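Here our numbering is used: the first residue of the sequence shown is 74, the next is one more, and so on. Glycine included, every Cβ here is placed at the ideal spot set by N, Cα and C. Model, not experiment: these values are computed from the prediction. Worksheet: one structure, shown below.
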Amino acid sequence: MDINDLRAVTTVFMFLAFIGIVGFALARHRRAGFDEASRVPFLDDERAPQGEKQ
Numbered sequence: 074m075d076i077n078d079l080r081a082v083t084t085v086f087m088f089l090a091f092i093g094i095v096g097f098a099l100a101r102h103r104r105a106g107f108d109e110a111s112r113v114p115f116l117d118d119e120r121a122p123q124g125e126k127q
């Protein structure tokens with residue numbers, strides 16, 4: 074096994090990891106959790122007192 078074989082195996086592994094991450098992110102059963110997480114940055118604005126808003 075030379076360095077080019079190692080590079081090929083690494084490339085295939087990284088491609089499969091990428092496909093796994095994309096599949097995780099686009100899974101329909103996770104959509105509700107991602108929608109809730111997308112609103113988190115706006116929660117601080119709603120809870121902050123009037124004088125402390127940025």
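Three-way DSSP call (helix, strand, coil) for residue i in this model
| i | result |
| --- | --- |
| D75 | coil |
| A100 | coil |
Span of the alpha helix (DSSP H) around residue i
| i | result |
| --- | --- |
| R104 | R104 to S111 |
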